[in-house]
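Chemist: Keeping their order, the protein sequence lines are chains A and B.
Residue numbers for the first sequence follow numbering that gives the first Met the number 0, so the first one is 0 and each next one is one higher.
Residue numbers for the second sequence follow numbering that gives the first Met the number 0, so the first one is 0 and each next one is one higher.
The beta-carbon is built from N, C-alpha and C at its ideal position, and this holds for glycine as well.
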Amino acid sequence: MIIIERPPRVKPQAKLRLASAPIAGVRSPRNLGLLVGIMIAHFGAVFVAAFLASAVEFVEAFTIVLVIGVTINWRSSLAGTALAVVALAVIVGILGTALIRYVPLETLRLVVGLLLVLFGLKWLKKAIMRYAGLKSLHDEEAIYEERLAELRARGAAPGKRLDPFGVVTSFKSVLLEGLEVAFIVITFGIQAGNYAGMSGIAVATLGAALAFLVIVGAGTLVRAPLQRVPENTLKFVVGIMLASFGTFWGGEGAGLLWWGEDLFLLALVAFYLAVSGLLILLLRAASRRAEAGSDRPTRRAIE
Amino acid sequence: MNRVLRALSAVYDFFAGDAILLAGTVIAFAGAFFLSRVATNALAAIAFVVLIVAALITTLLREAGGRSK
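#1: Note down, in chain order, all residues in the region 237-256 of chain A with a beta-carbon under 7 Å from any beta-carbon belonging to chain B.
#2: From this set, A:G119, A:A253, A:G216 and A:L267, which residue's C-alpha is nearest A27 (chain B)'s C-alpha?
#3: Hey, does I127 (chain A) have any beta-carbon neighbour from chain B nearer than 9 Å?
#4: Is it the case that the Cβ atoms of S190 (chain A) and V55 (chain A) are separated by a distance below 9 Å?
#5: Using DSSP with H/G/I as helix, E/B as strand and the rest coil, what is A44 (chain A)?
#6: Return no unless some Cβ of chain A is closer than 9 Å to the Cβ of S35 (chain B).
#7: What are the boundary residues of the alpha helix (DSSP H) that includes D12 (chain B)?
#8: Grab the span of the alpha helix (DSSP H) containing S243 (chain A) for me, first residue to last.
#9: Just to make sure I have the definition right: I need the residues of chain A whose C-beta is within less than 9 Å of the C-beta of N1 (chain B). Which are they?
#10: Should G177 (chain A) and F187 (chain A) be called a contact, given that it needs their Cβ atoms to be closer than 9 Å?
#11: Could you check whether the Cβ of L109 (chain A) sits closer than 9 Å to any Cβ belonging to chain B?
#12: Kindly provide the ranges of any alpha helix (DSSP H) runs that are 4 or more residues long and lie completely inside the region 79-159 of chain A, ordered along the chain.
#13: Indicate the three-state DSSP secondary structure (helix, strand or coil) for R61 (chain B) in the structure shown.
#14: Over what stretch of residues does the alpha helix (DSSP H) that includes G30 (chain B) continue unbroken?
#15: Could you confirm whether any beta carbon from chain B is found closer than 9 Å to the beta carbon of S135 (chain A)?
#16: Relative to the C-alpha of G192 (chain A), which candidate in A:R146, A:R100 and A:G250 has its C-alpha closest?
#17: Would DSSP call W73 (chain A) helix, strand or coil?
#18: In angstroms with no decimal places, state the Cα-to-Cα distance between F61 (chain A) and L282 (chain A).
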């Protein structure tokens, strides 16, 4: 890893002010392309991370929404989903604004970085274990069947009226899965700051909203659990992104200065990818050895 | 388990859910905060990244060890 000696210290606040400043010369339509390019470079990672993380969580939430829709009715299921989406929007709006307004940026970077690293490592650990065969893959079809049987055993039956149990169950599942998304939207949005009149939180929210529309749209079309979504790959990619961004921002909050500033993020992504790939290979080999060992009959069993 | 403990447990599960990851990450951040003030930037940065990765490796090895038993 390339890390150089300490260059002159630049306060993160100063960096944020620079990022928030209007860009000279991009107001004319001629330079619209340039503006779009700059926006993509600045907010691209935030948008992609929010989109992918949200897609994973919404696939899991959609399975429960589908179960409620099939066993009780779609009115109750969608009412619960809508209520949860409103609650999540309120959480992002209030918490995001309060954090930006009242918490100093350096403290925010440190705390947000720490939480992002924790989230990233948690997701990465699960994805690595699944790739290595230490944990079974998330099976939406099995979860769907299990929940369906649970609800039928409770006596849930289809009806046309709004069912409080259906609304609450749907609300709870979308809210719980969405809380992680809300957290990622807030943290990524805050760290991206404002740029050329665009707010980082707004961009991250757009990513999450697009994921919601794509997943709900696809689910409504197929009317079945979304099994073909490569959940583990998404979890792995998001884990790498969260860990890399958390390390970068958290390190800055702790007082570190990275070589090449924002470009060092790419080095962190490559480093985490290499380490994770190596861990998958090592754990897969160990898992196969353990399986082979357990298949071989022991001396006592032969005797 | 009373309500306060259950709430704390839910917060822990939401943010970490793994004692090794939590301890390793907190140590990495505390170490970086301290080292960036007393040591060279390169040393502090390397220690920071190494401690984070060490937490991930330790928790995965523990899981793998638990399964092979």
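Modeler: Put simply:
#1: T246, G249, G250, A253, G254, L255 and L256
#2: A:A253
#3: yes
#4: Rather than Ser, the amino acid found at residue 190 (chain A) in this sequence is Gln. Not closer than 9 Å, so no.
#5: helix
#6: yes
#7: R2 to F14
#8: E230 to A253
#9: Neighbours of N1 (chain B) on chain A: none; closest Cβ ~22 Å, over 9 Å.
#10: no
#11: yes
#12: 104-131 and 139-152
#13: helix
#14: A18 to V37
#15: no
#16: A:R100
#17: helix
#18: 32 Å
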